[in-house]
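Undergrad:
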Amino acid sequence: MDPFVTLTAPAVPLDIANIDTDQLLPARFLKKPRSAGYGNFLLRDERKPGFPLDDPAYAGARVLVTDRNFGCGSSREGAVYALVDGGFRCVVAPSFGDIFAANAAKNGLLTITLPEETVAELRRQLQETPGAAVTVDLPAQTLTGPDGRPLAFAIDPFKKECLIEGLDDVALTLRHQDAIDAFDRADAAARPWLVPGT
Numbered sequence: 487m488d489p490f491v492t493l494t495a496p497a498v499p500l501d502i503a504n505i506d507t508d509q510l511l512p513a514r515f516l517k518k519p520r521s522a523g524y525g526n527f528l529l530r531d532e533r534k535p536g537f538p539l540d541d542p543a544y545a546g547a548r549v550l551v552t553d554r555n556f557g558c559g560s561s562r563e564g565a566v567y568a569l570v571d572g573g574f575r576c577v578v579a580p581s582f583g584d585i586f587a588a589n590a591a592k593n594g595l596l597t598i599t600l601p602e603e604t605v606a607e608l609r610r611q612l613q614e615t616p617g618a619a620v621t622v623d624l625p626a627q628t629l630t631g632p633d634g635r636p637l638a639f640a641i642d643p644f645k646k647e648c649l650i651e652g653l654d655d656v657a658l659t660l661r662h663q664d665a666i667d668a669f670d671r672a673d674a675a676a677r678p679w680l681v682p683g684t
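Numbering (the working numbering), first residue to last: 487 to 684.
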């Protein structure tokens, strides 16, 4: 997964609360294995005329600023794939579904939780200045909106480290490769009957 350190990019406001994982990625698109292209299905059934993600003024948006309880519903990692494949690296909301937030971090998508009034003001600024950029500085834990005011956010230190270093579950495991190999050798010596071909 790509490291996330700082990002300056256009942001798109999405003034909808309680967007669940089935809205983010409808179930009928879950039949394909993980590969590129999930972004084509992002919020597929919500895309009516005037939908912000289809507005050319927000083209190239990498940050989604939305409303409370984003990613609620079932444990559907594909919802995160759809956002990541759709070009997003960060979602800002007053609250997130717990499972969605965990899946997001494991796939390189930063979730930023800010007070509801703050997020509403940020969405307002983005609606008034379509295409405006925001800056996310993960080491400093700040998001700077179109008005230039830095907003501090909290993040679990482990998630922060994994995002900055670009560590998914496999990369985290491989950090311990020497210890894993040493265990395998010691276990094979202690219990050779468990080793295939011996």
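Ideal Cβ positions, reconstructed from N, Cα and C, are used throughout, including at glycine.
What you are looking at is a predicted structure, and each value in this text was computed from that prediction instead of being measured.
Since Gly559 and Asp508 should fall inside the 8 Å C-beta cutoff, what is the C-beta to C-beta distance between them, to a whole number of angstroms?
TA: Residue numbering aside, residue 559 sits at position 73 when the sequence shown is read from its first letter. Residue numbering aside, residue 508 sits at position 22 when the sequence shown is read from its first letter. Gly559 to Asp508, Cβ: 6 Å. Contact.
Undergrad: Over what stretch of residues does the alpha helix (DSSP H) that includes Ala588 continue unbroken?
TA: If you number the sequence shown from 1, residue 588 lands on position 102. First-last of the alpha helix (DSSP H) with Ala588: 584-592.
Undergrad: By the 10 Å Cβ neighbour count, where 16 or more other Cβ atoms means buried, how is Thr597 classified, buried or exposed?
TA: Locating residue 597 in the sequence shown gives position 111, where the first residue counts as 1. Buried.
Undergrad: When we look at the beta-carbon of Arg562 and count the other beta-carbons within 10 Å, is it buried (16 or more) or exposed?
TA: Taking the first residue of the sequence shown as position 1, residue 562 is located at position 76. Per the 10 Å Cβ criterion, buried.
Undergrad: Residues in the same chain with beta-carbon distance under 7 Å from Ala579, minus the five sequence neighbours each way, listed in chain order, please.
TA: As a first step, residue 579 must be located in the sequence shown, where it is residue number 93. Excluding residues within five positions, the ones whose Cβ falls inside 7 Å are Thr552, Asp553, Arg554, Phe556, Thr599, Val605.
Undergrad: Can Gly617 and Tyr524 be called in contact, C-beta distance under 9 Å?
TA: Counting from 1 along the sequence shown, the entry for residue 617 is found at position 131. Counting from 1 along the sequence shown, the entry for residue 524 is found at position 38. Not a contact, by the Cβ cut-off of 9 Å.
Undergrad: May I have the straight-line CA-CA distance separating Gln613 from Asp488, to the nearest angstrom?
TA: Taking the first residue of the sequence shown as position 1, residue 613 is located at position 127. Taking the first residue of the sequence shown as position 1, residue 488 is located at position 2. Those two C-alpha atoms are separated by around 29 Å.
Undergrad: With distances taken Cα to Cα, identify the nearest neighbour of Ile496 among Thr630, Glu647, Asp667, Glu651.
TA: Taking the first residue of the sequence shown as position 1, residue 496 is located at position 10. With the sequence shown as reference, residue 496 is identified as Pro, and Ile is not the correct amino acid for it. With distances taken between Cα atoms, Pro496 lies closest to Thr630.
Undergrad: Given this structure, state the Cα-to-Cα distance separating Val687 from Arg661, to the nearest angstrom.
TA: Given a span of 487 to 684 for the chain in the structure shown, any question on residue 687 remains unanswerable.
Undergrad: Within the region 532-571, note down every full alpha helix (DSSP H) run reaching 4 residues or more, in order along the chain.
TA: Contiguous alpha helix (DSSP H) elements confined to the region 532-571 occur at 563-571, taking only those with 4 or more residues.
Undergrad: Express the C-alpha separation of Val498 and Ala619 in angstroms, rounding to a whole number.
TA: For the purposes of this step, residue 619 is identified with residue 133 of the sequence shown, where counting begins at 1. For the purposes of this step, residue 498 is identified with residue 12 of the sequence shown, where counting begins at 1. The C-alpha of Ala619 lies about 9 Å from the C-alpha of Val498.
Undergrad: Report yes if the CB atom of Ala568 is closer than 9 Å to the CB atom of Leu649, and no otherwise.
TA: Residue numbering aside, residue 568 sits at position 82 when the sequence shown is read from its first letter. Residue numbering aside, residue 649 sits at position 163 when the sequence shown is read from its first letter. Not closer than 9 Å, so no.
Undergrad: Alpha carbon to alpha carbon, what distance is there between Phe515 and Phe586?
TA: Mapped onto the sequence shown, residue 586 falls at position 100. Mapped onto the sequence shown, residue 515 falls at position 29. Each residue's alpha carbon lies about 18 Å from the other.
Undergrad: What residue ranges within the region 591-624 form continuous beta strand (DSSP E) runs of no fewer than 3 residues, ordered along the chain?
TA: 596-599, 619-623
Undergrad: For Leu595 and Asn504, I'd like the C-alpha separation in whole angstroms.
TA: Position 109 of the sequence shown, counted from the start, is the residue given in the question as residue 595. Position 18 of the sequence shown, counted from the start, is the residue given in the question as residue 504. Near 19 Å, if we compare the C-alpha coordinates of Asn504 and Leu595.
Undergrad: Please list the terminal residues of the continuous alpha helix (DSSP H) segment that includes Ala665.
TA: Taking the first residue of the sequence shown as 1, we reach residue 665 at position 179. Residues 663-676.
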